DNA sequence: GTCTATACCGAGATAGAC
DNA sequence: GTCTATCTCGGTATAGAC
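Protein chains in written order, with this note's numbering: chain X, 947 to 1135; chain Y, 947 to 1135.
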């Protein structure tokens, strides 16, 4: 099949979500996907190259999801709230943040897709907060950049804290709390 | 030496911080500590048992650090601010949160020390926020529990985000932003 | 209590046939 | 493009001497 490559990428995306990078072996990818070793090393130089392709694909997917969601809201703060308060499950972990702590991710090549994703995400959130302040919907007690950093951190940290507590719901408490606190900064019109 | 056991625990604590659980091999612990294989398996049943001892020790150490810091401040919000705004380095990761995402940590036995630590930490922060509200220093727009969850998440997420961006300072931006936002909830006396 | 030698397994990758 | 056989290395642990 000409689609074996795509199948390997999708399988890797799933396994990176479930187990991270270091704990995902080529053998596991092959077993899960049904492909053979020959195919794997024909399409990719090795595990690292496949993982980068998988992370890039995942980053694009999440970016697109974010853009779709933002497009539905004319109020920038409503867009942020809709993004943050999606129902998540900390026991599964973030589809992309899950990977960050793996020791191998200190390799700049492997880390690049993550850096790109979080950088772009920060930029988009900053824009939304900026817009809210320009439209006088939001106090300027914090800069748009600070709010974006805190939003991303609350979400990622909620995943960490929820996983440690073995309570998948806790990540939603973290994001909800952020939004509640953010709403105290809304300005009356 | 009678202290070999303690030496192994300290070495494991350091390696758990640097590399997490899965990526730390017994061999590495032995090489780093100078101990031999015989000692290792004499004092511990295996890697898992050593890691649990190391995590328990680390959790106690961090708990004590927290208590010391709190004891220095009569104002509960000043205590929270002092805790959150310590200078940290995301490239090194949290001494205990660093470990949470490792696949092996799904084992309840391995996870227990983390669960205990984060549970206790949440309790202590909740108490501080509770006290601040009781003393009318803090608005009650959020519950003490919500604020504690957000504080922990902002810190842990700051580590994740900072590591992804390969900028160790970012974790401090996250905690500073939280404190700035929290300060908008202070009540005039 | 500590040492060295040994065993077993899976990770990651290559070789060469089809 | 895909398959199977094979290779090397390190992780994890045990055995038995000192």
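Think of the CB as a built atom: it goes at the ideal place given N, C-alpha and C, for glycine as much as any other residue.
Since we're looking at a predicted model, the values are computed, not measured.
What residues from chain X crowd round residue i, counting only those whose CB sits closer than 8 Å?
{"i": "residue 1057 of chain Y", "result": "1110, 1112"}
{"i": "residue 1044 of chain Y", "result": "1047"}
Of all the options the options, which has the alpha carbon lying nearest to the alpha carbon of residue i?
{"i": "residue 1111 of chain X", "options": "X:1036, X:1021, X:1057", "result": "X:1036"}
{"i": "residue 988 of chain Y", "options": "Y:951, Y:964, Y:1053", "result": "Y:951"}
{"i": "residue 953 of chain Y", "options": "Y:968, Y:999, Y:966", "result": "Y:999"}
{"i": "residue 1012 of chain X", "options": "X:994, X:1134, X:1108, X:1066", "result": "X:1066"}
{"i": "residue 1031 of chain X", "options": "X:1109, X:1101, X:963, X:957", "result": "X:1101"}
{"i": "residue 1132 of chain Y", "options": "Y:1088, Y:1014, Y:1105, Y:960", "result": "Y:1088"}
{"i": "residue 1081 of chain X", "options": "X:1134, X:1056, X:1053", "result": "X:1134"}
{"i": "residue 1016 of chain Y", "options": "Y:1003, Y:955, Y:1070", "result": "Y:1070"}
{"i": "residue 1056 of chain Y", "options": "Y:968, Y:964, Y:961", "result": "Y:968"}
{"i": "residue 1019 of chain X", "options": "X:1085, X:1034, X:1078", "result": "X:1078"}
{"i": "residue 1039 of chain Y", "options": "Y:1114, Y:956, Y:959, Y:957", "result": "Y:1114"}
{"i": "residue 993 of chain X", "options": "X:978, X:973, X:1083, X:1052", "result": "X:973"}
{"i": "residue 1061 of chain Y", "options": "Y:949, Y:986, Y:1002, Y:960", "result": "Y:1002"}
{"i": "residue 1116 of chain X", "options": "Y:1068, Y:1086, Y:1085, Y:984", "result": "Y:1068"}
{"i": "residue 995 of chain X", "options": "X:1086, X:958, X:964", "result": "X:958"}
Determine, using beta carbons only, whether residue i and residue j come nearer to each other than 8 Å.
{"i": "residue 1103 of chain X", "j": "residue 1098 of chain Y", "result": "yes"}
{"i": "residue 1042 of chain Y", "j": "residue 1005 of chain Y", "result": "yes"}
{"i": "residue 1025 of chain Y", "j": "residue 1074 of chain Y", "result": "yes"}
{"i": "residue 966 of chain Y", "j": "residue 1048 of chain Y", "result": "yes"}
{"i": "residue 1095 of chain X", "j": "residue 1107 of chain Y", "result": "yes"}
{"i": "residue 1063 of chain X", "j": "residue 1009 of chain X", "result": "yes"}
{"i": "residue 1121 of chain X", "j": "residue 1091 of chain X", "result": "no"}
{"i": "residue 1033 of chain X", "j": "residue 1129 of chain X", "result": "no"}
{"i": "residue 962 of chain Y", "j": "residue 970 of chain Y", "result": "yes"}
{"i": "residue 1127 of chain X", "j": "residue 1127 of chain Y", "result": "yes"}
What does residue i touch in chain Y if you count any residue whose Cβ is under 9 Å from its own?
{"i": "residue 1119 of chain X", "result": "1091, 1092, 1095, 1096, 1099"}
{"i": "residue 1088 of chain X", "result": "1123, 1126, 1127, 1130"}
Applying a beta-carbon distance threshold of less than 7 Å, which residues of chain Y neighbour residue i?
{"i": "residue 960 of chain X", "result": "Within 7 Å Cβ-Cβ: nothing; residue 960 of chain X doesn't reach chain Y, min ~14 Å."}
{"i": "residue 1049 of chain X", "result": "965, 966, 969"}
Let me check one thing: in DSSP terms, what residues is residue i bridge-paired to?
{"i": "residue 1132 of chain X", "result": "X:1084"}
Interface residues of chain X around residue i at Cβ under 7 Å?
{"i": "residue 1012 of chain Y", "result": "Going along chain X, no residue has its Cβ under 7 Å from residue 1012 of chain Y, so there is no contact; the nearest lies around 16 Å."}
Can you pull the chain X neighbours of residue i, defined as C-beta to C-beta under 9 Å?
{"i": "residue 1102 of chain Y", "result": "1099, 1102, 1103, 1104, 1105, 1106, 1107, 1110"}
{"i": "residue 1039 of chain Y", "result": "1047"}
{"i": "residue 1116 of chain Y", "result": "1095, 1099"}
(request) Select from the segment 962 to 985 of chain Y all residues with a C-beta closer than 7 Å to any C-beta belonging to chain X, and list them in chain order. (result) 965, 966, 968, 969
(message) Short of 9 Å Cβ to Cβ, which residues in the segment 1059 to 1077 of chain Y face chain X?
(response) 1060, 1061, 1063, 1064, 1065, 1068
(request) Note down, in chain order, all residues in the segment 989 to 1007 of chain Y with a beta-carbon under 8 Å from any beta-carbon belonging to chain X. (result) none
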